[in-house]
Amino acid sequence: MTHTRHDLARLDTVAERAGFLADHGGLDAAIDAGLVSDPVTVSAAEGLVLGLLRQGVRKYLVILGHGSTVIADILRAYEEAGLIRCWQFRNEVEMAHAATALSWIHDEVPAVLTSIGPGALQAMAGSLAAASNGVGVYHIYGDETTHGEGYNMQQVPKPEQGLFGRITALMSASYTLHTPAALRDGLRKGATCVFHPWKAAPFYWNMPINTQPASLTLRLGALPARPIWPALAPVDDAVLDEAARAIAASPRVVMKLGGGSRRAAHAVEKLAAAAGAAVVLSPG
């Protein structure tokens, strides 16, 4: 079947949109082919899934509840179309640790999804492994409504506003999607956090349950992609020559390595062998 660039904007259901993207090789391929250049109207929940898909996030580790029902429906349609994969867990700490291992070992950033309240706190506790080791993982939590409906399981029992966003912000970068129009801003901030080349960290999305189904209109090609971090080097060799002389003149050399050396293991090994250096690893 031949499609035009107008087709996606005319589709009414999540399943139809997911099927359209799958038929054309995925979101990036559809964007490159000019098939989705028209604005589309979707829910904030679907916009988030599309935004993460644009960044290459295709694996979701989930424990679902009433706070994540809308997002769960989106994930079901996109998984049936073959665009993403979901795995159901029974313990949020275990789930957060599994996501950390996936990102750490395979360099593939996944998303953790929970409901509101206790489950989200459990997942955040489990995210300490990612935060302390410089590993990028998306965490998506259901959150209280933005219209202040009173005490229930959806919120911290304290007469203040936006408490869960403040809690997650203590651990790492955090974003409460108070209005659907803020989606692209959150996606930009999230991408620079989870994909940072030497100081990656978990990024927390707090998704109020009344914002998740609210609609927004966007251009899929304008969704922030995974950032490209250019390689940097000194402007001349003077500083390198000075370092080489200092190493050669020292009877004992110790190399202290942080997160920036994670993807340079072979080069570090060669330098340590040439310098006769001991290597000390820092967290991350």
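If you count the sequence shown from 1, position 70 lands on 82 in the numbering used here, and the numbers rise without skipping. All C-beta atoms in this analysis are idealised placements derived from N, C-alpha and C, irrespective of residue type, glycine included.
If you count every other CB in all the chains shown that lies within 10 Å of the CB of Ala-290, and 16 or more means buried, which is it? exposed
With H, G and I counted as helix, E and B as strand and the rest as coil, what does DSSP make of Asp-50? coil
Enumerate in chain order the residues of its own chain whose CB-to-CB distance from Thr-229 is below 6 angstroms, with the five nearest sequence positions on each side excluded. Pro-51, Thr-53
6 angstroms CB neighbourhood of Pro-192 in its chain, flanking five on each side removed: Ala-56, Ala-226, Leu-228
Along the chain, where does the alpha helix (DSSP H) that runs through Arg-22 open and close? 19 to 22
From Glu-161, Val-82, Leu-73, Ser-294, pick the residue whose C-alpha is nearest to that of Gly-59; which is it? Val-82
Let me know if Asp-298 comes out buried or exposed under the rule of 16 or more other beta-carbons within 10 Å of its beta-carbon. Nothing can be reported for residue 298: it is not among the residues displayed for the chain, which extend from 13 to 296.
In this structure, how does DSSP classify Asn-145 when only helix, strand and coil are distinguished? helix
Could you tell me which of Arg-97, Ile-128, Met-136 sits nearest to Glu-106, measuring between CA atoms? Met-136
Beta-carbon contacts of Lys-201 that lie in its chain and below 7 angstroms, excluding the five residues immediately before and after: Ala-185, Tyr-187
Looking only at its chain, what residues have a beta carbon closer than 6 angstroms to the beta carbon of Tyr-153, apart from the 5 residues adjacent to it on each side? Thr-126, Ala-132, Asn-218
Three Cβ pairs or more, each shorter than 8 angstroms: is that satisfied between the segment 271 to 278 and the segment 246 to 253? no
Can you tell which of Pro-246, Thr-112, Val-26, Leu-33 has the C-alpha that lies nearest to the C-alpha of Ser-144? Thr-112
Unbroken beta strand (DSSP E) run spanning Leu-125, endpoints: 123 to 126
How about Val-121 and Gly-177: do their beta carbons lie closer than 9 angstroms? no
Any idea what DSSP makes of Arg-264, helix, strand or coil? coil
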